[in-house]
Structures are given as C-alpha cells and as structure tokens.
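Asker: Counting the sequence shown from 1 gives a position; the numbering used here is that position plus 143.
All C-beta atoms, glycine included, are put in the ideal place defined by N, C-alpha and C.
These numbers were taken from a predicted model, which means no experiment stands behind them.
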Amino acid sequence: MNRMNKGLLYLVLLIASCLILFPLLYTLSSSFMTNGESATYPPRMLPSHLNWDNYMSVIQTIPVLRFIGNSFIVSTLIMLGQIVTASTAAYAFAFLRFPGKTFLFALFLATMMIPWEVIMIPNYLTIKNWNLLDSYTGLIIPFVASAFGTFLLRQSFLQLPGELFEAARIDGCGHVRIFLSLVLPLSTPAIATLGVYSFLNHWNMYLWPLLITNKEEMRTVQIGISMLQFEEMTSWNLVLAGVVTVMIPSLLLLVLGLKPLVRGITAGALKG
Numbered sequence: 144m145n146r147m148n149k150g151l152l153y154l155v156l157l158i159a160s161c162l163i164l165f166p167l168l169y170t171l172s173s174s175f176m177t178n179g180e181s182a183t184y185p186p187r188m189l190p191s192h193l194n195w196d197n198y199m200s201v202i203q204t205i206p207v208l209r210f211i212g213n214s215f216i217v218s219t220l221i222m223l224g225q226i227v228t229a230s231t232a233a234y235a236f237a238f239l240r241f242p243g244k245t246f247l248f249a250l251f252l253a254t255m256m257i258p259w260e261v262i263m264i265p266n267y268l269t270i271k272n273w274n275l276l277d278s279y280t281g282l283i284i285p286f287v288a289s290a291f292g293t294f295l296l297r298q299s300f301l302q303l304p305g306e307l308f309e310a311a312r313i314d315g316c317g318h319v320r321i322f323l324s325l326v327l328p329l330s331t332p333a334i335a336t337l338g339v340y341s342f343l344n345h346w347n348m349y350l351w352p353l354l355i356t357n358k359e360e361m362r363t364v365q366i367g368i369s370m371l372q373f374e375e376m377t378s379w380n381l382v383l384a385g386v387v388t389v390m391i392p393s394l395l396l397l398v399l400g401l402k403p404l405v406r407g408i409t410a411g412a413l414k415g
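Here's what the structure looks like:
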C-alpha cells in the first residue's frame, strides 16, 4: 500500500510537472516553426524541422542584443543596490539599539502593502523633474531599496548564534568588522536568495521602462520584444523566437541560483 501511494504521488507530480513545463516547451517548439506552421489550426505541437532562421530574423528585425544588455545592466545594478541597502538596514534593525526601532521597522514593512501603481506617478514626476528620463539612472533609482529584502535579511541575521557576536566584541571588533567578517559570510544563502529574486523580478519589469523610456536604445527586453508585433500581421514564430532569446539569461541565472534560492527560503523552517 505504501508503494502504491508513492507511485500515485509520483504520477501526480509528473503530470503537474508536464502541465507546468508545457507552455515553455510549446514556446520553444513554436520558435522553430515556419510562418505557415505557426498559423495552422489546430496548432501543431512540433515543427517539421528546426528553423534557425527565426532567431536570425529576430536579431535583424530588432536590436534584441541591445535590449538584453540594457536589461542586464539595469537588473544587475538594482540587485547589487538592494543587497547593499537591505543588508545594512537589516543589520541595523537586527543588532543596533536606537529609539523607535520597532516603530520604524513596522513603518518600513508597511510600505510593502502599498501597490506600485499608487507611487508610480509620483516616481515618474520625480524622475522627470530630475531630467532622468531615458537613462539607466531613472530605471534603477526607484528600486535600489527593498522592504522585502530588508525583512528577509533581518530574519536571517537574527538566526545567527549570539555567542559569535559576544566573542567578536571581546576581541575588540566593531559593528563594521562584525558586519563584514561575520554576518555577511554566514548569511550567504539569504543574500543569494535576495539577489536571484531581485534580478529575475526586475528582468521581467515592464510598466516602469515603458513609462520612462522613449528612445529605442534605452528599451529593455520586455518592451523591445513587443516590437516584433506589427499592425498588418504578426508572425508568432518570430515573436516566440524572441521570447526564447530573452528568456535564456534569466533561465541560466535561475538554474545557477536555484540551490541557494531554496536554501535561503527554507532557512529556519526546520529545527536543527
């Protein structure tokens, strides 16, 4: 009976995995189809042959490599900025004593409940008044601080053994040395989690780049890929080839960062 239950469980998991992977596999398959094959009804599941010309057409139609470079620069700098600001703020909220710390932390977390659409227009007006439209700075500045990242790292810092900090203080270490030599190395899984989450989240950012960029050379991948759709007709094989192209960097990061991501999310979930 136990083996039957396990077999049924694995079968359910296999079916669920196929359902989750189907859109990705269908997108990959359609990206190799000809224009006629992608327009047939009912839709084809597999191409007649691997049509690599679709990817060359994407590169020739839009500056997709430029868009990928823009997204990579913006996502990387936001990721690094969030790691720096979140780790320092988390250390202060976790280990420093100052008046109103609890209230300030609660106020800090309250910003997570404010929808992005509410502050989007004030942010836009600020960026416009600073003459930062169509610039990397304008794409990055509103996102370099993260309440979620601060909360995540603070909870990770609080799980570190207090004996280490007592021994460090006896040796004469100050807050800066404790932060750099103890807290950051011991919190690598949580920091990696924040880095992967931040990069993927801002790689897929659409509304803000659409709002503040007008020049083609400043477009990010999510905006640039829509340039493959035309009013007269849409070649879905080209669109999906572009989608696969812009997915490759984020998929590589997810594969490389999956282990620290899982470790960071599950840290502290189990005793011992």
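Check whether the region 332-340 and the region 286-300 are in contact - that is, three or more C-beta pairs closer than 8 angstroms.
Answerer: yes
Asker: Would you tell me roughly how many angstroms separate the C-alpha atoms of Glu374 and Ile202, rounded to the nearest one?
Answerer: Because Glu374 sits at a pLDDT of 49, beneath the cut-off of 50, its placement in the model cannot be relied upon, and the point is left open.
Asker: Going by C-alpha distance, which of Leu399, Val207, Met188, Gly317 is nearest Ser369?
Answerer: Nearest option by C-alpha distance: Val207.
Asker: I'd like the list of long-range same chain contacts for His318, defined as Cβ closer than 8 angstroms, with 5 residues on each side in sequence excluded.
Answerer: Correct list, in chain order: Tyr234, Phe238, Leu239.
Asker: Could you tell me if Val386 is buried or exposed, where buried requires 16 or more neighbouring beta carbons within 10 angstroms of its beta carbon?
Answerer: buried
Asker: How would you call Ser174, buried or exposed, if buried means at least 16 neighbouring beta carbons within 10 angstroms?
Answerer: buried
Asker: Using the C-alpha atoms, what's the distance from Trp379 back to Leu395?
Answerer: Taken atom to atom, the span from the alpha-carbon of Leu395 to that of Trp379 is near 24 angstroms.
Asker: Counting only the same chain and skipping the five closest in sequence on each side, list residues whose C-beta sits under 7 angstroms from that of Met255.
Answerer: Ala290, Phe291
Asker: Within 10 Å of its beta-carbon, does Cys180 have 16 or more other beta-carbons around it, so buried, or fewer, so exposed?
Answerer: The sequence given here has Glu at residue 180, not Cys. Its Cβ being crowded by 16 or more others within 10 Å, Glu180 is buried.
Asker: Return the chain-ordered list of same chain residues with a C-beta closer than 6 angstroms to the C-beta of Phe322, the five sequence neighbours on each side being excluded.
Answerer: Tyr234
Asker: I need the straight-line Cα distance from Phe308 to Val227, nearest angstrom please.
Answerer: 21 angstroms
Asker: I'd like the list of long-range same chain contacts for Ala384, defined as Cβ closer than 6 angstroms, with 5 residues on each side in sequence excluded.
Answerer: Ser174, Asn197, Tyr198, Val201
Asker: Could you give the uninterrupted runs of the alpha helix (DSSP H) lying entirely in the region 239-289, keeping only those of 4 residues or more?
Answerer: 244-253, 259-272, 279-283
Asker: Ala159: buried (16+ other C-beta within 10 angstroms of its C-beta) or exposed?
Answerer: exposed
Asker: Does the Cβ of Leu157 have 16 or more other Cβ atoms within 10 Å, making it buried, or fewer, making it exposed?
Answerer: exposed
Asker: Please classify Ala310 as buried or exposed, where buried requires at least 16 other C-beta atoms within 10 Å of its C-beta.
Answerer: exposed
Asker: Of all the options Met176, Tyr153, Ile163, which has the alpha carbon lying nearest to the alpha carbon of Leu381?
Answerer: Met176
Asker: Is it true that the CB of Gly367 sits closer than 8 angstroms to the CB of Ile205?
Answerer: yes
Asker: Let me make sure I understand the geometry here. Which of Val155, Leu152, His192 has the alpha-carbon closest to that of Leu171?
Answerer: His192
Asker: Within 10 angstroms of the Cβ of Phe248, are there 16 or more other Cβ atoms? Answer buried if so, exposed if not.
Answerer: Residue burial is scored here from C-beta neighbours: Phe248 has at least 16 other C-beta atoms within 10 angstroms and is therefore classed as buried.
Asker: Considering Tyr349, what are the terminal residues of the alpha helix (DSSP H) in which it resides?
Answerer: Taken as a continuous stretch (DSSP letters only), Tyr349 belongs to no alpha helix (DSSP H), as it is neither H nor E.
Asker: Kindly confirm or deny that the region 343-361 and the region 260-280 touch, where touching means at least three C-beta pairs closer than 8 angstroms.
Answerer: yes
Asker: Quick one: Cα of Val389 to Cα of Leu350, how far?
Answerer: 17 angstroms
Asker: Just how far apart, CA to CA, sit Asn194 and Asn178?
Answerer: 10 angstroms
Asker: Determine the burial state of Arg362: buried for a count of at least 16 other Cβ atoms within 10 Å of its Cβ, exposed for fewer.
Answerer: With a threshold of 16 other beta carbon atoms within 10 Å, Arg362 meets it and is buried.
Asker: Roughly how many angstroms lie between the CA atoms of Ile257 and Pro304, to the nearest whole one?
Answerer: Their Cα atoms are separated by approximately 34 angstroms.
Asker: Counting C-beta neighbours from all protein chains within 10 Å, is the total for Val398 16 or more, i.e. buried, or is it exposed?
Answerer: With fewer than 16 Cβ atoms within 10 Å of its Cβ, Val398 is classed as exposed.
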